[in-house]
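So in UniProt numbering, spot 218 of the sequence shown is number 218, and the numbers just go up one at a time.
Cβ atoms here follow ideal geometry from the backbone N, Cα and C, with glycine treated the same way.
Worksheet: the structure to be examined is printed underneath.
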Amino acid sequence: MHNPKSHIEIISDVERFRALRNEWEDLWSRANGRYHEAFAVCWESWLNIAEPRGSKLRCIVGRQNGRLVMVWPLVVTRRALWRVLRMLGPEAADYTSMLLDPEADAQLLVDQAWRAAMKHCGADVLRVPYLDERSRLHRIISSERHIVFGEQRSAAIARLRAETDWGSFAGALGTLSGKKPGALERRLAKQGKLEARLLSPDEAERNRELVDWTLSRKREWASRVDKRGAWLYSAQYRDFLVSLLNTQAHEPAARLYLITLDDVPLATTIIGIGKSSIKGLLTGFDQRYAKYSPGQLVVEYMVKWAFDHRLDFDFGVGSESFKSYWSRNNAVTVASAEVAATAWGRVAFGVRKLISRNSALVSRLRQPSFAENDGATEAPDSGECRGEKRQRTKERRNARSGPTLVGADDAT
């Protein structure tokens with residue numbers, strides 16, 4: 001895998017992967033890297049998630065004139081009867097991207113990396129979750145013959161670095177759930193002593209306690225709206241978050257923001273930190289105070305923190321109203337895909353198609369006749385308006401959409 005300009009290599013040895021750290025971090029800085037592209041995030045993902053599951057490392061790197069100019073960290077995992085290749089990460093609604101030097105020949109590197117992934121990583125199926133449709137990689141994948149695409153999704157991004165004055169920015173936003181920025185804070189402050197702060201990596205035990213608290217509150221919310229993902233109930237994902245928050249003291253890869261009311265946790269949010277942006281990872285709040293919208297307040301605080309630190313805010317995949325509000329409807333379109341790299345991978349596609357057809361047939365046979373439903377109306381659940389019910393139905397549908405070939409474990 002040589003040419004006059006570049007050299008592509010697949011690293012499968014863990015110690016050689018770890019030895020990339022300094023070069024990787026230098027490339028990440030030059031490339032204005034995002035949270036999920038950081039070495040620390042990938043390393044903690046390997047230690048806490050991929051390695052314990054028995055995954056095999058397949059990190060594709062590119063060099064030009066000996067200098068590291070591309071990193072695409074991947075792992076191969078056995079799913080049922082198939083070997084599946086995907087990006088190394090916490091597997092919690094992560095983006096797919098390559099870390100590329102802005103001065104390198106990106107088109108050449110992406111083409112070479114994709115060929116290496118298809119032909120030399122020992123996988124039957126390549127899973128590519130949440131890939132930006134504007135990217136070179138998306139165009140390459142779209143030309144593959146044996147491919148299954150999932151539903152298109154949007155990912156909202158608040159371009160805060162382009163703003164110069166918080167008051168002007170916040171004043172032009174309008175209202176969210178009938179409230180302007182600052183209103184939620186004033187309302188909650190009337191209930192007791194309201195405090196907020198960002199925890200540091202030095203507060204290891206407190207970080208650990210609040211990760212557990214956040215996950216518990218998030219699971220309660222997931223049960224209420226019937227929106228679940230395997231990552232949310234994974235002890236490995238919990239350990240990943242704790243490790244990420246408690247390392248990298250000089251340049252944290254993630255931080256936890258806490259709001260307390262009378263010294264008791266009210267709401268938290270965990271954010272990942274990129275070179276010029278942050279990404280919302282997980283938010284939890286005390287349901288007893290739901291009418292005060294503490295979850296929205298902790299997001300508001302983090303938006304202000306990002307603004308003050310000249311960072312954009314990536315809200316991730318999803319159509320929630322707060323994302324479009326703070327981003328001013330600025331979003332990119334992402335799509336998930338699976339590509340069969342071998343004949344055995346194509347068999348997997350055929351198996352899924354057969355299962356899907358049989359499931360649809362069983363579903364139709366179980367439905368009541370049209371006459372039995374004629375004239376029936378569906379009443380909203382108690383305390384839930386029709387708009388809210390439609391939103392929850394949409395969330396459930398989105399949570400289940402996308403490729404689910406051989407043990408999909410993404411969630412929104």
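Beta carbon of residue i nearer than 8 Å to that of residue j
| i | j | result |
| --- | --- | --- |
| A340 | V125 | yes |
| Q296 | F322 | yes |
| R83 | V110 | no |
| V128 | T96 | yes |
| A183 | L100 | no |
| F285 | R208 | no |
| L85 | R58 | yes |
| L210 | L281 | no |
| A40 | L160 | no |
| M98 | M118 | no |
| P294 | L266 | yes |
| P252 | I273 | yes |
| R187 | Y325 | no |
| S359 | A156 | no |
| G122 | V75 | no |
| S177 | S319 | no |
Cutoff 7 Å; reference residue i; Cβ partners in own chain excluding five residues on either side
| i | result |
| --- | --- |
| F240 | E44, S45, N48, I49, P90 |
| Q236 | N48, I49, P52 |
| F17 | I11, L57, C59 |
| H120 | I10 |
| S168 | none |
For residue i, the three-state DSSP class (helix, strand or coil)
| i | result |
| --- | --- |
| H138 | helix |
| G295 | helix |
| A345 | Residue 345 is actually Gly in this sequence, not Ala. Here G345 sits in helix by DSSP. |
| R228 | coil |
| Y95 | coil |
| E15 | helix |
| K179 | strand |
| H7 | strand |
| L256 | strand |
| Q64 | strand |
| S321 | helix |
| S168 | helix |
| A31 | coil |
| S200 | coil |
| A104 | coil |
| K304 | helix |
Whole-number beta carbon distance between residue j and residue i, since they are thought to touch under 8 Å
| i | j | result |
| --- | --- | --- |
| K279 | Y130 | The Cβ separation is near 12 Å, so there is no contact. |
| A337 | V148 | 7 Å |
| P201 | E300 | With a Cβ gap of about 24 Å, P201 and E300 do not count as contacting. |
| I11 | A116 | The pair is not a contact, with the Cβ atoms about 11 Å apart (cut-off 8 Å). |
| Q287 | E220 | 6 Å |
| D317 | A93 | The amino acid at residue 317 is misidentified as Asp; the sequence shows Val. Right, their Cβ atoms sit about 6 Å apart. |
Cβ shell of residue i (< 6 Å), same chain only, five flanking positions each side left out
| i | result |
| --- | --- |
| E195 | T260 |
| R72 | Checking the displayed sequence, the identity of residue 72 turns out to be Trp instead of Arg. Cβ within range, chain order: I60, M98, A113. |
| A104 | Q64, V69 |
| S277 | L311, D312, D314 |
Neighbour-count burial assignment, residue i, 16 or more Cβ in a 10 Å radius
| i | result |
| --- | --- |
| T268 | buried |
| D312 | buried |
| L405 | Unreliable positioning characterises L405 in this predicted model, as indicated by a pLDDT of 44, which lies under 50. A coordinate reading is not provided. |
| Q191 | exposed |
| S55 | buried |
| L173 | exposed |
| I355 | exposed |
| E37 | buried |
Chain D contact for residue i (CB, 8 Å cutoff)
| i | result |
| --- | --- |
| R67 | Going by chain labels, chain D is absent from the structure shown, which holds only one protein chain. |
Own chain, CB closer than 8 Å to residue i, minus 5 neighbours either side, in chain order
| i | result |
| --- | --- |
| Q107 | R136 |
| E133 | Q152, V332, T333, V334, A335 |
| D212 | R238 |
| A249 | S200, P201, D202 |
| S243 | E44, L47, N48 |
| R206 | L199 |
Cβ-heavy atom distance, residue i to the ligand MG, below 7 Å
| i | result |
| --- | --- |
| N65 | The ligand MG is not part of the structure shown, which contains no ligands of any sort. |
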